[in-house]
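Chemist:
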Amino acid sequence: MPAFDLFLSHNSDDKPAVREIARALRKRRFNPWLDADELTPGRSWQDLAEEAIGTCRAAAVFVGPNGIGPWEHEEMRACLGQAVKRGLAVIPVLLPGAPKQSDLPLFLGQRTWVDLRTTGITPAGLDLLVWGITGKKPKARARVQPSPPPPIGPPPIHNLPYPPLGDLLKGRDDELTKLAESLQGNGHPTAIIQGHRTLYGLGGIGKTRLAVEYAWRLGARYKAALFVRAESSETLNNGLAALASIDLLDLPERTAQSQDETIQAVRRWLKANANWLLILDNVDSKEAESEVVKILPALAGGHILITSRLRDWPKTIHKQALDTISLDEARSFLLKRTEGERTADNDDEAQAGHLAEKLDGLPLALEQAGAYIAHTRLSFSAYLKIWDQEKERVLVWHDEAAMGYPASVATTWKTSFDRLQPTAATLLRLSAFLAPEPIPQEMFESEMRRVQEAVEMLRAETGQEAGPGSIPEALAELESYSLISRQGGAFSVHRVVQEVMQNRTPPEERAKWIEAASKIVDDYSPDRPSDVRTWPIWNVLSPHAARVALTADTVGLAEPTGRLMGQLALYLVTRGLYSEAEPLMWRSLAIGEASSGNNHPNVAIRLNNLAHLLQTTNRLSEAEPLVARVVTIFESSLGKDHPNVALALNHHAQLLQSTHRLTEAEPLMRRALAIDEMNLGPQHPNVAIRLNNLAQLLKDTTRLTEAEPLMERVVIIFESSLGEKHPNVGVALNNLALLFKDTNRLSEAEPLMRRALAIDEASLGPQHPKVAIRLNNLAQLLKDTNRLTEAVPMMRRALGIKEQSLGADHPSTQLSQRNLAFLLAKIEGAADK
Numbered sequence: 053m054p055a056f057d058l059f060l061s062h063n064s065d066d067k068p069a070v071r072e073i074a075r076a077l078r079k080r081r082f083n084p085w086l087d088a089d090e091l092t093p094g095r096s097w098q099d100l101a102e103e104a105i106g107t108c109r110a111a112a113v114f115v116g117p118n119g120i121g122p123w124e125h126e127e128m129r130a131c132l133g134q135a136v137k138r139g140l141a142v143i144p145v146l147l148p149g150a151p152k153q154s155d156l157p158l159f160l161g162q163r164t165w166v167d168l169r170t171t172g173i174t175p176a177g178l179d180l181l182v183w184g185i186t187g188k189k190p191k192a193r194a195r196v197q198p199s200p201p202p203p204i205g206p207p208p209i210h211n212l213p214y215p216p217l218g219d220l221l222k223g224r225d226d227e228l229t230k231l232a233e234s235l236q237g238n239g240h241p242t243a244i245i246q247g248h249r250t251l252y253g254l255g256g257i258g259k260t261r262l263a264v265e266y267a268w269r270l271g272a273r274y275k276a277a278l279f280v281r282a283e284s285s286e287t288l289n290n291g292l293a294a295l296a297s298i299d300l301l302d303l304p305e306r307t308a309q310s311q312d313e314t315i316q317a318v319r320r321w322l323k324a325n326a327n328w329l330l331i332l333d334n335v336d337s338k339e340a341e342s343e344v345v346k347i348l349p350a351l352a353g354g355h356i357l358i359t360s361r362l363r364d365w366p367k368t369i370h371k372q373a374l375d376t377i378s379l380d381e382a383r384s385f386l387l388k389r390t391e392g393e394r395t396a397d398n399d400d401e402a403q404a405g406h407l408a409e410k411l412d413g414l415p416l417a418l419e420q421a422g423a424y425i426a427h428t429r430l431s432f433s434a435y436l437k438i439w440d441q442e443k444e445r446v447l448v449w450h451d452e453a454a455m456g457y458p459a460s461v462a463t464t465w466k467t468s469f470d471r472l473q474p475t476a477a478t479l480l481r482l483s484a485f486l487a488p489e490p491i492p493q494e495m496f497e498s499e500m501r502r503v504q505e506a507v508e509m510l511r512a513e514t515g516q517e518a519g520p521g522s523i524p525e526a527l528a529e530l531e532s533y534s535l536i537s538r539q540g541g542a543f544s545v546h547r548v549v550q551e552v553m554q555n556r557t558p559p560e561e562r563a564k565w566i567e568a569a570s571k572i573v574d575d576y577s578p579d580r581p582s583d584v585r586t587w588p589i590w591n592v593l594s595p596h597a598a599r600v601a602l603t604a605d606t607v608g609l610a611e612p613t614g615r616l617m618g619q620l621a622l623y624l625v626t627r628g629l630y631s632e633a634e635p636l637m638w639r640s641l642a643i644g645e646a647s648s649g650n651n652h653p654n655v656a657i658r659l660n661n662l663a664h665l666l667q668t669t670n671r672l673s674e675a676e677p678l679v680a681r682v683v684t685i686f687e688s689s690l691g692k693d694h695p696n697v698a699l700a701l702n703h704h705a706q707l708l709q710s711t712h713r714l715t716e717a718e719p720l721m722r723r724a725l726a727i728d729e730m731n732l733g734p735q736h737p738n739v740a741i742r743l744n745n746l747a748q749l750l751k752d753t754t755r756l757t758e759a760e761p762l763m764e765r766v767v768i769i770f771e772s773s774l775g776e777k778h779p780n781v782g783v784a785l786n787n788l789a790l791l792f793k794d795t796n797r798l799s800e801a802e803p804l805m806r807r808a809l810a811i812d813e814a815s816l817g818p819q820h821p822k823v824a825i826r827l828n829n830l831a832q833l834l835k836d837t838n839r840l841t842e843a844v845p846m847m848r849r850a851l852g853i854k855e856q857s858l859g860a861d862h863p864s865t866q867l868s869q870r871n872l873a874f875l876l877a878k879i880e881g882a883a884d885k
């Protein structure tokens, strides 16, 4: 798992509020873990949640009217208990509608909590969370005296282009207050450094509507509120000249032959008068910015409010960034915007929430969807179907009268896209085919050759000349237009921006771009995803690998699609996520057979991985013919002494051992060991694996004295080659401990078992199936030494892990159920005596 600061545990019905808190924490440079759909689609939430707990310094348990989510489950509480013993701080956070403290679950009620029931999400509440994460008490915030209610209504003179939003303004109260405080202060015009402000952010984020709403709500403080579009110097000059008209400033120069004379008259009026508001809208190009900056020094009598997608402005102009609105506010907007005009369903609130999540809180996209639904009298569910099937059509749909916006989502961003230099435009298009999760900057930097190939594709398509070519320069350019957001060494692209970028890709070029994105992800993905040392990259890369591989498969790209699917599946198997991995493995195999033939070595590798999964999930009869086929392919294509043959022989032997055909298994294991010792040397980790498997077979045939030196050799090889904390060391220690236990050396076995458990919890996560094995083995040893009450929670936790990863019907799960029942019965019997 990546290094997270805080685990955010919550009921799924409270997700909008929790997501808002996560967003606020990220702005404070924290990295909270919210839920599994932010990492890898389709993964088991509870499994991944419990893994994440092992990486966090603190857990915030959100309590709302809908309960406490996963912590209501006994297995999760057991996991929490173990994490607390390791030093995890647990912070209850009470959301609006939560019960009083005395009604909290016992394990929460005894802790100090953050109470957001009446205040909502406040800086002070976030300070308490940060205190819990870092252990550092925040500085006391200065008490701010409440300001008197601002005047309501527009100024006497205005040309505001839109009517007030009223209660349709959702999720912008804080921004509106901040804007008013920064401009108005004590209610009087301020000096130039304080009186000019830029609202900046992604196109469609709601900058213009917020500026106009400010003018409607607080405009009575001004003599005039003047709105001028400023996309270019031409539109700026036309707009300034229009202010002289009879229904606005009514200047004599309004009829002058020269536009410049009219503009100079307007400037003189602005300089001579005070207490006015000038909104310069859509200053979205460097040329327009330059023109605006030139005129600012002469306009010191009032307030200038600039809306722009540009992030970089002179320091004399205060900047205020706008982000998307919370999903809860977005859902509320959709319900209010379509009230009385949509086809109503019983699940409208839930469906509005789904749509809000797809549009990810982007105000223009929300308004466009709401207007379309109201215009066509659709239900939310019907619109969602159209969105999934015909995104391109609904993204370009526009009815200005119905929407109150001058352009659709797709059209709004067109000018920003068209201004990008080739490298920046290339990164944005490639990123459109990845997941909306953070994308590592290093991936593009390490695959610069692939990026340059894609730049040339774009230049051939558009005819653009070469521009700045480095990845940092390109990302800076994208950020300057608010097209991406950056977090440390990663960046994110809004979901709707991704959709629009995909739709802007010419249909005949789409497959080439998907292939380019696939190759970059594939080249960056580490080999051996089963090795825990590759997980820091795989944890971040996995959602992008899943997204691009599935997309590539839809357009018929065989490679690297097949390989990438196989690697991702192997990573998921190693994490114990078998149900998510299996369809990827089958599809990877089918792609390999179709493109390379049934007897290619790469096909054998995919067969072997699939067989391993089938064997792990107790489908031995399905696995065996695949394993036999793997041996045949490798021997015929690579020769009988190739290391891959040893791999296949070892796997076949393990399967035979699982079906109690030990005499058939042993010669295969010995042959696999000989091949690897000859090819790799006696100290190679693969040799240790072969030794370990042979030792297990010897143990199963009661040849313990032969098995013990092999097991000890395995520990030494793994520790020296992989490090003392590698999961393979945990396996070797566990096996040696079980041998000590079988020879009644329990005091020697226990420390090895505890060390193996600690290694696996730290490296694999507390909910990994191997952790369940370690827990069960240690519990059995505790039972054998008559420490029954210590054994019970371990057995319960092991059972919960197996039920989640293997299913209730798996033999290993059923064995754990019997072990726990036997132990509980024994404790009850002892109590009766």
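So in our numbering, spot 25 of the sequence shown is number 77, and the numbers just go up one at a time. By construction, the Cβ of each residue, glycine as well, lies at the ideal position given by its N, Cα and C atoms. Because the structure is a prediction, the values reported are computed rather than measured.
What three-state label does DSSP hand Pro208 in the structure shown?
Modeler: If you number the sequence shown from 1, residue 208 lands on position 156. Coil.
Chemist: Closest by CA to Asn731, which one among Arg627, Ala421 and Leu699?
Modeler: Taking the first residue of the sequence shown as 1, we reach residue 731 at position 679. Taking only the C-alpha atoms, the option nearest Asn731 is Leu699.
Chemist: Just confirm the distance between the C-beta atoms of Leu480 and Leu535, as a whole number of angstroms; I'd bet it's less than 8 Å.
Modeler: For the purposes of this step, residue 480 is taken as residue 428 along the sequence shown, with counting starting at 1. For the purposes of this step, residue 535 is taken as residue 483 along the sequence shown, with counting starting at 1. Indeed they touch by this definition, with Cβ atoms about 6 Å apart.
Chemist: Rounded C-beta distance between Gln619 and Pro581? I'm assuming under 8 Å.
Modeler: If you number the sequence shown from 1, residue 619 lands on position 567. If you number the sequence shown from 1, residue 581 lands on position 529. Yes, they are in contact, since the Cβ atoms of Gln619 and Pro581 sit about 5 Å apart, within 8 Å.
Chemist: Spell out a yes or no on whether the stretch 827 to 834 and the stretch 843 to 851 are touching, meaning 3 or more CB-CB pairs, one atom from each, closer than 8 Å.
Modeler: With a cut-off of 8 Å, the stretch 843 to 851 and the stretch 827 to 834 count as touching, because enough Cβ pairs lie within range.
Chemist: Any idea which residues DSSP pairs Thr359 with across the strands?
Modeler: Residue 359 sits at position 307 when you count from the first residue of the sequence shown. Leu251, per the DSSP bridge assignment.
Chemist: Do Leu60 and Phe82 count as a contact pair if the criterion is CB distance below 8 Å?
Modeler: For the purposes of this step, residue 82 is identified with residue 30 of the sequence shown, where counting begins at 1. For the purposes of this step, residue 60 is identified with residue 8 of the sequence shown, where counting begins at 1. Not in contact: Phe82 and Leu60 (Cβ atoms no closer than 8 Å).
Chemist: Following the continuous alpha helix (DSSP H) through Ile536, name the residue where it begins and the one where it ends.
Modeler: On the sequence shown, residue 536 is found 484 positions in, with the first residue counted as 1. Run containing Ile536: none; DSSP gives neither H nor E here.
Chemist: With a threshold of 7 Å (Cβ to nearest heavy atom), would Val573 be considered close to the ligand FAD?
Modeler: As far as ligands go, the structure on display features none, and thus does not contain the ligand FAD.
Chemist: Looking only at its own chain, which residues have a Cβ that is under 7 Å from the Cβ of Thr613, when we skip the five neighbours before and after it?
Modeler: In the sequence shown, the residue the question calls residue 613 occupies position 561. Once the five neighbours on either side are set aside, the close Cβ partners of Thr613 are Ser570, Ala601, Ala604, Asp605 and Ile643.
Chemist: On the criterion of 16 or more Cβ atoms from any shown chain inside 10 Å, does Ile769 qualify as buried, or is it exposed?
Modeler: Numbered from its first residue, the sequence shown carries residue 769 at position 717. Counting Cβ neighbours within 10 Å, Ile769 comes out buried, since at least 16 surround it.
Chemist: Looking only at DSSP bridge pairs, what is Asp167 linked to?
Modeler: The count along the sequence shown starts at 1 and reaches residue 167 at position 115. Looking at the DSSP assignment, Asp167 forms a beta bridge with Leu146.
Chemist: DSSP on Ile331, reduced to helix/strand/coil?
Modeler: On the sequence shown, position 279 is the one that residue 331 refers to. Of the three classes helix, strand and coil, the one that applies to Ile331 here is strand, per DSSP.
Chemist: Alpha carbon to alpha carbon, what distance is there between Pro524 and Pro532?
Modeler: Residue mapping note: residue 532 aligns to position 480 of the sequence shown, counting from 1. Residue mapping note: residue 524 aligns to position 472 of the sequence shown, counting from 1. Note that residue 532 is Ser in the sequence shown, not Pro. Ser532 and Pro524: Cα-Cα distance of roughly 12 Å.
Chemist: Out of Gly255, Trp590 and Glu233, point me to the one whose CA is closest to Arg249's CA.
Modeler: Start at 1 with the first residue of the sequence shown, and residue 249 comes out as number 197. Checked all of Gly255, Trp590 and Glu233; the closest Cα to Arg249 is Glu233.
Chemist: Could you compute how far the alpha carbon of Tyr435 sits from the alpha carbon of Ile425?
Modeler: Counted from its first residue, the sequence shown places residue 435 at position 383. Counted from its first residue, the sequence shown places residue 425 at position 373. Distance between the alpha carbons of Tyr435 and Ile425: 7 Å.
Chemist: Apart from the five residues on each side of it in sequence, which residues of its chain come closer than 6 Å, Cβ to Cβ, to Arg78?
Modeler: The residue given as residue 78 occupies position 26 in the sequence shown. There are no such residues.
Chemist: Under DSSP, the beta strand (DSSP E) around Gln372 begins and ends at which residues?
Modeler: As a first step, residue 372 is located in the sequence shown; it is residue number 320 there, counting from the start. His370 to Ala373 is the span of the beta strand (DSSP E), which, as asked, contains Gln372.
Chemist: Suppose the cutoff is 8 Å on Cβ atoms and the five residues either side in sequence are ignored; what does the same chain contact list for Ser433 look like?
Modeler: Within the sequence shown, residue 433 is the residue found at index 381, counting from 1. Once the five neighbours on either side are set aside, the close Cβ partners of Ser433 are Asp397, Asp399 and Gln403.
Chemist: So is Gly628 buried or exposed if we call it buried at 16+ other beta carbons inside 10 Å?
Modeler: As a working note, residue 628 is residue 576 in the sequence shown. Buried: at least 16 other Cβ atoms inside 10 Å.
Chemist: Under 8 Å Cβ to Cβ from Pro490, same chain only, skipping five residues before and after it: list those, please.
Modeler: Here residue 490 is taken as the residue at index 438 of the sequence shown, counted from 1. Same-chain partners within the cutoff: Gln539, Ala542, Phe543, Ser544 and Val592.
Chemist: I need the boundaries of the beta strand (DSSP E) containing Ser64, first residue and last residue.
Modeler: Here residue 64 refers to the residue found at position 12 when the sequence shown is read from its first residue. No beta strand (DSSP E) contains Ser64, which DSSP labels as neither H nor E.
Chemist: Express the C-alpha separation of Asp380 and Ser148 in angstroms, rounding to a whole number.
Modeler: Translated into positions along the sequence shown, residue 148 becomes position 96. Translated into positions along the sequence shown, residue 380 becomes position 328. First, the amino acid is wrong: residue 148 is Pro here, not Ser. Answer to the nearest angstrom: the Cα atoms are 13 Å apart.
Chemist: Can you tell me where the beta strand (DSSP E) with Leu278 in it begins and where it stops?
Modeler: As a first step, residue 278 must be located in the sequence shown, where it is residue number 226. That run of the beta strand (DSSP E) goes Ala276 to Arg281.
Chemist: How big is the Cα-Cα spacing for Ala860 and Ala176?
Modeler: To locate residue 860, count along the sequence shown from 1; it is residue 808. To locate residue 176, count along the sequence shown from 1; it is residue 124. If you take the alpha carbons of Ala860 and Ala176, they lie about 45 Å apart.
Chemist: How far does the alpha helix (DSSP H) with Ala860 in it extend, from its first residue to its last?
Modeler: For the purposes of this step, residue 860 is taken as residue 808 along the sequence shown, with counting starting at 1. It is not in any alpha helix (DSSP H) - Ala860 carries neither H nor E in the DSSP assignment.
Chemist: Could you spell out the range, first to last residue, of the beta strand (DSSP E) harbouring Phe485?
Modeler: The residue labelled residue 485 in the question sits at position 433 within the sequence shown. Unbroken run through Phe485: none, as it is neither H nor E.
Chemist: Tell me whether Ile572 sits in a helix, a strand or coil according to DSSP, three-state version.
Modeler: Here residue 572 is taken as the residue at index 520 of the sequence shown, counted from 1. If DSSP states are grouped into helix, strand and coil, Ile572 belongs with the helices.
Chemist: In three-state terms, what does DSSP make of Trp892?
Modeler: Any question about residue 892 goes unanswered here, given that the chain covers just 53 to 885.
Chemist: In or out: Asp336 buried (at least 16 other Cβ within 10 Å) or exposed?
Modeler: By one-based count along the sequence shown, residue 336 stands at place 284. The residue is buried, with at least 16 neighbouring Cβ atoms inside 10 Å.
Chemist: Pull the bridge partners of Leu58 from the DSSP assignment, please.
Modeler: Position 6 of the sequence shown, counted from the start, is the residue given in the question as residue 58. Bridge partners of Leu58: Pro84 and Ala110.
Chemist: Which ranges does the alpha helix (DSSP H) cover as unbroken runs of at least 4 residues, wholly within the stretch 669 to 726, from first to last along the chain?
Modeler: Complete alpha helix (DSSP H) runs here, min 4: 672 to 690 and 695 to 710.
Chemist: Helix, strand or coil for Ser154 per DSSP?
Modeler: Within the sequence shown, numbered from 1, the residue matching residue 154 stands at position 102. Low local confidence applies: a pLDDT of 49 at Ser154 is under 50, so the model's placement there is unreliable, with the coordinate-based value given in what follows. The answer is helix: DSSP assigns Ser154 an H, G or I state.
Chemist: Mapping the DSSP letters down to three states, classify Ser41 as helix, strand or coil.
Modeler: The structure shown does not extend to residue 41, since the chain is modelled only from 53 through 885, so no value can be given for it.
Chemist: What is the C-beta distance between Leu140 and Ala111, in whole angstroms, given that I count them as a contact (C-beta under 8 Å)?
Modeler: For the purposes of this step, residue 140 is identified with residue 88 of the sequence shown, where counting begins at 1. For the purposes of this step, residue 111 is identified with residue 59 of the sequence shown, where counting begins at 1. With a Cβ gap of about 6 Å, Leu140 and Ala111 count as contacting.
Chemist: Could you spell out where the alpha helix (DSSP H) holding Asn829 opens and where it closes?
Modeler: Residue mapping note: residue 829 aligns to position 777 of the sequence shown, counting from 1. It spans Pro821 to Asp836 - the alpha helix (DSSP H) in which Asn829 sits, taken as one unbroken run.
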